[in-house]
Amino acid sequence: MTRVAHKKPILVFQTDFTYAEGAVSSMYGVVKCVDRELEIFDGTHYIPRYNVWSASYRLYQSLPFWPEGTIYVSVVDPGVGTARRACMAKTASGHIVVTPDNGALTHLMRHVGITEVREIDERLNRNPNTRGTSVFHGRDLFGYAAARLASGIIGWEEVGPVYPVEEVVCLPMPEPQAKDGVVMGIVDIVDPNFGNAWTNVPLSLLGEAGIGYGDLMHLVVRHGDDLVLEADLPLCRTFGDVGKGELLAYNNELMNVSFTLNQESVVERYGIGFGGDWVVSLGKVGA
């Protein structure tokens, strides 16, 4: 079967704007004013307000599953209008991310790789009709510049000047590790709908610690100096391996260890959050 080549990249947007007012609509309107043919899709518009860590994780979670060449616009920008850089970054997977350089590229830097980054030249790539405001760069800069690139009005070199990848802002992110039969990591994100907690511990690291499916593990979750959860739970292949409301650990869609309550929210029951200061340890019971 012959594949039809799409000449113009897809645009995917994620923000913390919600749909409660017209911000998302305005961004998409700007894109269509640049080029009516451009395809626009939603990632999510329910990133927790101002939460750059969450924006970074959601890029890592979904961007690799879009076609090569996709332009992913991520706008979670508590420093909008300040000296933080507005950038476009090329990933090793062949995608482009348009975002404030405020930590939103952290997970992609760690897990995918950034090959080149350019600061958006606002003199050329900012909407000329809205130069009197500096509080809506999602519409006036990121969406507009992404549309100009996707439509072919500008080329990659015209985005703006290159700056060193080493200068990309990254949030502190501890590496998972296994030592003396105990695996350490963090709660990397939580599932806001089902209430599952996703760690940054790859399943392979449990194997290095001698832990496999069916084993009972001792889980400890700390937030800073506070003990949030301590319990034993099995490592399962699927949620149905335990009864409703029971704790389990499993391998999530990104091949990392997660834990939850079957058909209930472990996040709500125990007040679990996410980020570099939410530390998790897992060890085999009886080892």
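As numbered in this note's numbering, residues 362 to 648 make up the sequence shown, in order. Note that beta-carbon positions come from the ideal geometry of N, C-alpha and C, so glycine has one too. No experiment lies behind these values; they were computed from the predicted model shown.
Run of the beta strand (DSSP E) containing residue i, from where it starts to where it stops
i: Glu591; result: 587 to 597
i: Thr460; result: 457 to 461
i: Ser435; result: 432 to 436
i: Val641; result: 639 to 645
Residue(s) in a DSSP beta bridge with residue i
i: Asp403; result: Phe374
i: Cys394; result: In DSSP, Cys394 forms no bridge with anything.
i: Cys448; result: Thr460, Glu480
i: Ala539; result: Val544
i: Ser619; result: Trp559, Tyr611
i: His344; result: Given a span of 362 to 648 for the chain in the structure shown, any question on residue 344 remains unanswerable.
i: Met578; result: Leu594, Lys645
i: Tyr524; result: Val478
i: Val385; result: According to DSSP, Val385 bridges with nothing at all.
i: Arg583; result: Leu588, Val640
i: Val658; result: For the chain, the structure presents residues 362 to 648; residue 658 sits outside this window and is missing.
C-beta atoms of residue i and residue j nearer than 8 angstroms
i: Val523; j: Met470; result: no
i: Pro533; j: Gly637; result: yes
i: Tyr418; j: Ile515; result: no
i: Val582; j: Ile633; result: yes
i: Leu566; j: Pro537; result: yes
i: Tyr433; j: His456; result: yes
i: Ala444; j: His498; result: no
i: Val413; j: Val441; result: no
i: Leu609; j: Asp602; result: yes
i: Gly464; j: Cys531; result: yes
Own chain, CB closer than 8 angstroms to residue i, minus 5 neighbours either side, in chain order
i: Met362; result: Unreliable placement is indicated for Met362, whose pLDDT of 47 sits below 50; the coordinate value is still reported in the next sentence. So the list is empty, once near-sequence residues are dropped.
Where the alpha helix (DSSP H) containing residue i begins and where it ends
i: Leu564; result: 564 to 569
i: Thr467; result: 467 to 472
i: Trp414; result: 413 to 423
i: Leu510; result: 505 to 512
i: Arg630; result: 627 to 631
Cβ-heavy atom distance, residue i to the ligand PLP, below 7 angstroms
i: Ala450; result: Ligands in the displayed structure: none, and consequently the ligand PLP is not present.
Backbone CA spacing between residue i and residue j [nearest angstrom]
i: Arg598; j: Ala381; result: 38 angstroms
i: Glu569; j: Leu466; result: 29 angstroms
i: Leu502; j: Arg487; result: 5 angstroms
i: Thr621; j: Asp396; result: 44 angstroms
i: Ala508; j: Ser435; result: 13 angstroms
i: Tyr574; j: Tyr611; result: 9 angstroms
i: Asp482; j: Ser495; result: 15 angstroms
i: Val641; j: Met545; result: 6 angstroms
i: Val365; j: Pro489; result: Caution applies to Val365, whose pLDDT of 49 falls short of 50 and renders its modelled position unreliable; the model cannot decide the point.
i: Ala511; j: Val520; result: 11 angstroms
i: Pro428; j: Leu588; result: 42 angstroms
i: Glu480; j: Met616; result: 33 angstroms
i: Asp377; j: Thr491; result: 21 angstroms
i: Tyr411; j: Thr560; result: 21 angstroms
i: Tyr631; j: Leu590; result: 7 angstroms
i: Ala384; j: Thr476; result: 31 angstroms
i: Pro535; j: Glu398; result: 43 angstroms
i: Leu564; j: Glu518; result: 40 angstroms
i: Ala416; j: Asp462; result: 12 angstroms
i: Thr452; j: Pro553; result: 27 angstroms
i: Lys369; j: Glu527; result: 30 angstroms
Cβ-based neighbour list, residue i, same chain, cut-off 6 angstroms, excluding 5 preceding and 5 following
i: Ser626; result: Gly556
i: Leu577; result: Asp593, Pro595, Val646
i: Ala506; result: Ile481, Asn486
i: Ala539; result: Leu566, Glu569, Ala570
Same chain, Cβ closer than 7 angstroms to residue i, neighbours up to 5 away in sequence not counted
i: Ala400; result: The sequence shown places Glu at residue 400, rather than the Ala named in the question. Result list for Glu400: Ile371, Leu372, in chain order.
i: Asp403; result: Phe374
i: Gly542; result: Ala570, Gly571, Gly644, Lys645, Ala648
i: Gly504; result: Met388, Val391, Val392, Val434
i: Pro425; result: Ser454, Val473
i: Ala558; result: Val548, Val551, Ser619, Phe620, Thr621, Val627, Val628, Ile633
i: Thr379; result: His406, Tyr407
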